[in-house]
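Trainee:
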């Protein structure tokens, strides 16, 4: 095994750098074309839900139990079957749910646009305020940050730990500044670190005393049932319940979808919240749309049936992607273990591995990987405004490539990490 | 045949009123429960598209011709097949199209929200202006008006004629007032009058010289292929082309959907415009969503195939609903002809018959119909703020009830029109 970089002499580093450089040039000549940039299910995962599509033309997938013809207009907030399914998935009550289209991101965007234009439960529309700020646990989900940025909402970085964001900081910023209108986060198998919020984090979140009465927690429970192991499935507290207990029933919006349960392009999504928030959401969405695709809702309900069937379905996904997560960890451990030039997460669920390179190296690593044919998520993408203050975070999305491709990509990645780290040590 | 009401003596009217009242009470006792309130296809129309659902699980409906796996992420603006289909339907070029989800209304709402928050092609966001106004041909589509109302956009009524809105008024208001930011209209088989815009109307629309550089025509071509007769299919000019010719390429947004081609709850929609507008729309929608349901797009493209197949499919709809339109006209003619107490449209397509009752009678007629078990669209619904200045317009939606039900409803309607008109004449 190689020595830690900091234990090496300059001569050792120089010679290492040269051999790494040579190896890199050799690999580049292969002309790889691999993509680990997005949390995208692989084709074999999509096959798991084909029976759902094959059911589409049957009467059972056309008429809901209450007689609703799902082909026609009506039921703007979704059919009962879909509410039950999604409520079961995230552990809330069906009446707390509104079922949406194929992107929960769209529901979040819509709700932020409505906050801007109309305000929330009678508050001043955010567009009429001098400034609106959001707390953003980092690293986090780039698409969240992009929406906030486009709306001109100022994002404040809050560091993530293993149990969730720095809650001292969240409590303080929310309590002190009425311009802070919310926090947006992925509480379970967080994108990209894989962190699972502890009970204490959830309780402290629910017990915030924000200065802004229309402060909202955007609780993007994107990976709520997306476990990698049958035997180790961490649970988080029900944020709706905790907010209710804390006397803050309207403070949270929960979101989830079946994008990585059935089909990323053709799933269903859910918004869950208090009675007042659900009522407001429903009234406003009734202006925007005639409702989302109920045929797709009913198919999902018939196919995923109940929590047990859903859990079994998710274990089929796990069986396909677990080897990919493990392969990356094996290669990283073998190639980088003990070198002191990188740390990475070993998540129990979700879609990402978060890699921390030496400070100032992430952009360079991503660029060299790209040059050699391996596309990673852009360095900095997991931070507001695309700016990683340490230039050290890299998000690895191992699910889409095949296992052999993934191994090639991971090998190249570790080679590049070593090369860039050696260069840094020599600089 | 009955005399015209105005030719009747007071005694004749009194005796007529009494007998109508008695007949009304008798009908009320039947306890009807019929709905002619929404432009909703009947179940037999929905059956026409069941083969599309039955194809859903076949490989042909999963993978697009360019290899795109429609189950997964990607192609935010829609797959090529769907662009071709929708472009063919509205007579524009595929590259002028973005394909959306199951509601074109949602696309219009989204675009108005973006105009408010971000402006259009670099213009001042509408939220930052002291006032925004829209021209609204009346009677028109209630859901259009509801969006504008919720956005606080002031609506200005423009009277509809048989060839479209009063273009003198449109030209004048657009040219004189920079707060007038647009017009929203249904150019073909207009909701609810069934009017078809003449070539002159379309050309004058395309040649507007609005004071506002970000003035937009919202061209809701909702009934573009929704003919009632095989032999009489009026065409309108291509507004995109006309705007281009007029040097106003960015002035128009066209919308359409398959809501009344396949399924109202599960169709696909389209936005069509100039290159600059399409680019802006695509960039902004890329923040909002990961894209709409591509599986549904591909199914639609495979099922509706081309313009010829689509046209044949629409004639199957026509065969089912034409008898309904004709039955209403027959009953209205038999019961109201020559009485001078109502006029109605005989559209060649679309989903509505527009009825003009004596001034001040529409609310009363709708209320008495409701009391006897026949639900109509609320009186005034076809006007901004729900206010019909004459209280005379009633929208009849004949498609959803079965033919026998529809006949009962139309009979009751004519009875009520006579009763309310007699009361008015006596007042």
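Protein chains in written order, with our numbering: chain V, 1130 to 1556; chain F, 1130 to 1556. Ideal placement from N, C-alpha and C gives every residue a C-beta, glycine not left out. A quick note: this is a predicted structure, and the numbers were derived from the prediction, not measured.
Assuming residue 1185 (chain V) and residue 1185 (chain F) make a contact with CB atoms under 8 Å, what is their CB distance in whole Å?
Mentor: Sure, about 4 Å apart at Cβ, within 8 Å.
Trainee: So, at 7 Å on beta carbons, what are the nonlocal neighbours of residue 1282 (chain V) in its own chain, with the 5 sequence-adjacent residues on each side left out?
Mentor: Contacts found: 1261, 1262, 1263.
Trainee: Could you check if residue 1322 (chain F) is buried or exposed, using at least 16 other CB atoms within 10 Å of its CB as the buried criterion?
Mentor: It is buried - the Cβ of residue 1322 (chain F) has at least 16 other Cβ atoms within 10 Å.
Trainee: Mind listing the chain F neighbours of residue 1271 (chain V)? Cutoff is C-beta to C-beta under 8 Å, in chain order.
Mentor: Simply none; closest approach about 11 Å.
Trainee: Can you name the residues of chain F whose CB is closer than 7 Å to the CB of residue 1417 (chain V)?
Mentor: The answer, in chain order, is 1235, 1238.
Trainee: Can you tell me which of V:1143, V:1170, V:1134 puts its alpha carbon nearest to the alpha carbon of residue 1480 (chain V)?
Mentor: Closest by alpha carbon: V:1170.
Trainee: Which residues in chain F sit within 7 Å of residue 1245 (chain V), going by Cβ to Cβ distance?
Mentor: In chain order: 1246.
Trainee: Can you give me the start and stop residues for the alpha helix (DSSP H) that residue 1412 (chain V) sits inside?
Mentor: Unbroken alpha helix (DSSP H) run through residue 1412 (chain V): 1404–1417.
Trainee: Let me confirm a value: residue 1524 (chain F) is counted as buried when at least 16 other C-beta atoms fall within 10 Å, else exposed. Which label applies?
Mentor: Classification for residue 1524 (chain F): buried.
Trainee: Note down, in chain order, every chain F residue with its Cβ under 9 Å from the Cβ of residue 1451 (chain V).
Mentor: The premise fails here: residue 1451 (chain V) is roughly 20 Å from chain F at the closest Cβ pair, so nothing lies under 9 Å.
Trainee: Between the segment 1158–1174 of chain V and the segment 1193–1202 of chain F, do at least 3 Cβ pairs fall closer than 8 Å?
Mentor: In short, these stretches touch, since the Cβ pair count reaches three.
Trainee: Residue 1385 (chain F) touches chain V at which residues, Cβ-Cβ below 9 Å?
Mentor: Per Cβ cutoff of 9 Å: no residues; residue 1385 (chain F) is ~15 Å from chain V at best.
Trainee: Assuming residue 1315 (chain F) contacts residue 1443 (chain F) (C-beta within less than 8 Å), just tell me the rounded distance between them.
Mentor: Wrong, their Cβ atoms sit about 17 Å apart, outside the cutoff.
Trainee: Spell out a yes or no on whether the segment 1299–1308 of chain V and the segment 1541–1556 of chain V are touching, meaning 3 or more CB-CB pairs, one atom from each, closer than 8 Å.
Mentor: As far as the Cβ criterion goes, the segment 1299–1308 of chain V does not touch the segment 1541–1556 of chain V, which means the pair count is below three.
Trainee: What are the residues that DSSP puts in a beta bridge with residue 1475 (chain V)?
Mentor: According to DSSP, which records beta bridges pairwise, residue 1475 (chain V) is partnered with nothing at all.
Trainee: Who are the near neighbours of residue 1488 (chain V) in its chain, counting only those whose CB is closer than 8 Å to its CB and skipping five residues on each side?
Mentor: The residues are 1519, 1520, 1521.
Trainee: Starting from the beta carbon of residue 1230 (chain F), find every residue of chain V whose beta carbon is closer than 8 Å, and list them in chain order.
Mentor: Correct list: 1230, 1231, 1421, 1422.
Trainee: Is the Cβ of residue 1574 (chain F) closer than 7 Å to any Cβ of chain V?
Mentor: This structure does not reach residue 1574 (chain F), given that chain F is present from 1130 up to 1556, and the question cannot be answered.
Trainee: Smallest Cα separation from residue 1403 (chain V): which of V:1426, V:1346, V:1427, V:1474?
Mentor: Out of V:1426, V:1346, V:1427, V:1474, V:1346 has the C-alpha closest to the C-alpha of residue 1403 (chain V).
Trainee: Can you confirm whether residue 1513 (chain V), when its beta carbon is compared against all beta carbons of chain F, has any partner nearer than 7 Å?
Mentor: Not closer than 7 Å to any Cβ of chain F, the Cβ of residue 1513 (chain V) fails to qualify, so no.
Trainee: Considering only residues of the same chain and omitting the five flanking positions on each side of residue 1367 (chain F), which have a CB-CB separation below 6 Å?
Mentor: Taken in chain order, the residues that qualify are 1220.
Trainee: Tell me where the alpha helix (DSSP H) around residue 1543 (chain V) begins and ends.
Mentor: Where residue 1543 (chain V) is concerned, the enclosing alpha helix (DSSP H) stretches over 1532–1555.
Trainee: For the pair the segment 1357–1365 of chain F and the segment 1369–1389 of chain V, tell me if three or more CB-CB distances fall below 8 Å.
Mentor: In short, these stretches do not touch, since the Cβ pair count stays below three.
Trainee: Do the segment 1535–1545 of chain V and the segment 1457–1474 of chain V touch if we need at least three Cβ pairs shorter than 8 Å?
Mentor: Segments in contact, yes.
Trainee: So residue 1172 (chain V) contacts chain F; which residues on that side make the cut at Cβ distance below 7 Å?
Mentor: In chain order: 1198.
Trainee: Using a Cβ-Cβ cut-off of 6 Å (strictly less than) and excluding sequence neighbours within five positions of residue 1421 (chain F), which residues of its own chain qualify?
Mentor: If we look at residue 1421 (chain F) and ignore the five residues flanking it on each side, its Cβ neighbours are 1229, 1230.
Trainee: What's the call for residue 1472 (chain V), buried or exposed, on a 16-neighbour Cβ count within 10 Å?
Mentor: Exposed is the call here.
Trainee: Please tell me whether residue 1351 (chain F) has its Cβ less than 7 Å away from any Cβ of chain V.
Mentor: Output row for residue 1351 (chain F): interface = no.
Trainee: If you draw a straight line from the C-alpha of residue 1500 (chain F) to the C-alpha of residue 1532 (chain F), how long is it?
Mentor: Near 21 Å, if we compare the C-alpha coordinates of residue 1532 (chain F) and residue 1500 (chain F).
Trainee: Taking C-beta pairs closer than 9 Å, name the residues in chain A that residue 1484 (chain V) reaches, listed in chain order.
Mentor: Within the model displayed, chain A is absent; protein chains V and F are what it includes.
Trainee: Where do the ends of the beta strand (DSSP E) carrying residue 1349 (chain V) lie?
Mentor: Unbroken beta strand (DSSP E) run through residue 1349 (chain V): 1345–1349.
Trainee: For the alpha helix (DSSP H) holding residue 1276 (chain F), just list the boundary residues, first then last.
Mentor: It spans 1271–1279 - the alpha helix (DSSP H) in which residue 1276 (chain F) sits, taken as one unbroken run.
Trainee: Once you ignore the five residues that flank residue 1555 (chain F) on each side, which residues in its own chain have a CB closer than 8 Å to its CB?
Mentor: Only 1139, 1142, 1143, 1146 meet the Cβ criterion.
Trainee: Report the CB separation of residue 1484 (chain V) from residue 1267 (chain V) in whole angstroms; it is logged as a contact under 8 Å.
Mentor: Between residue 1267 (chain V) and residue 1484 (chain V) the Cβ distance is about 15 Å, and since that is not below 8 Å, they are no contact.
Trainee: Give me the Cα-Cα distance between residue 1254 (chain V) and residue 1195 (chain F), rounded to the nearest whole angstrom.
Mentor: In a straight line, the C-alpha of residue 1254 (chain V) is about 44 Å away from that of residue 1195 (chain F).
Trainee: Using only the heavy atoms of the ligand GDP, determine whether one of them is closer than 6 Å to the beta carbon of residue 1463 (chain F).
Mentor: For the ligand GDP, the structure offers nothing, since it holds no ligand at all.
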